[in-house]
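Residue 195, in this note's numbering, is where the sequence shown stops; the numbers in between run on with no holes. Data block below; observations after.
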Amino acid sequence: MKTQLKQMIYKKPPKNGKFYIVAIDGRGGAGKTTLTEYIEKLLHSFSVLNGDEYFEPDDNTIAFGSFNEERFEKEVLSQLRGGKSEFNYHPYRWGNKEPMSNKKLRITEGIIIERSGSFAFNLEYDFKIWVETPAKLALQRGQERDEMPLEQGYRSWKEVWQPQEDAHFNKVKPLEIADIVIDGTKLFEEQIT
3 MKTQLKQMIY
13 KKPPKNGKFY
23 IVAIDGRGGA
33 GKTTLTEYIE
43 KLLHSFSVLN
53 GDEYFEPDDN
63 TIAFGSFNEE
73 RFEKEVLSQL
83 RGGKSEFNYH
93 PYRWGNKEPM
103 SNKKLRITEG
113 IIIERSGSFA
123 FNLEYDFKIW
133 VETPAKLALQ
143 RGQERDEMPL
153 EQGYRSWKEV
163 WQPQEDAHFN
173 KVKPLEIADI
183 VIDGTKLFEE
193 QIT
């Protein structure tokens, strides 16, 4: 049976009284971005913010970088908690090696925040979607996506990302708090309309 996503989200008014806030969470390589692109077609009036826009290079040569949580909190999360439906933010652009000077986000009916670990953000979500994908498949997808050398990708996964993700899963219990769980091994079109 397919999930009627729009009906589920719109069942109640937005918690902030202005717009809906939807989280898409899952392992790195789970299929969050692909799912978000599909959901954008169903919820065409929703804005999308990809949390990976705050992944920046750092001195950790194993992991290639980390999320700039301080900047993400200041530019995005605090704005959403304040109910602001329009604000500027500065996503990182890997090709240019510097943040964009300015990008405006306008929220009309709602916003989708897509990022691993998003369930743990201090936001009052209206709807939480978890993408459940086996760790081995997520690793394979991540390596293909990031065009990372096999040995280095495996090392960064085992030493950095998997321990961080496992700690997140143990703390947040995403399978228990998600409004819906989507199978990352199946076509999203077969699961959601």
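Glycine included, each C-beta is placed from N, C-alpha and C at the ideal position. All figures in this text were calculated on a predicted structure; none of them were measured in a lab.
Asked	Found
How many angstroms separate the CA atom of Lys-188 from the CA atom of Ile-194?	11 Å
Take every Cβ of the stretch 118–127, pair it with every Cβ of the stretch 14–25, and state whether three or more of those distances are shorter than 8 Å.	yes
Between Phe-66, Lys-76, Phe-89 and Lys-130, which has its C-alpha nearest Gln-154's C-alpha?	Phe-66
With a 10 Å radius around its C-beta and 16 neighbouring C-beta atoms as the bar for buried, classify Ile-179 as buried or exposed.	exposed
Answer yes or no: do Leu-37 and Phe-190 have a C-beta to C-beta separation smaller than 8 Å?	yes
Under a three-way DSSP split, which group does Thr-195 fall into?	coil
For Phe-121, which three-state DSSP category applies?	helix
Would you give the residue range spanned by the beta strand (DSSP E) that Arg-73 belongs to?	From DSSP, Arg-73 is part of no beta strand (DSSP E) but of the alpha helix (DSSP H) over 71–74.
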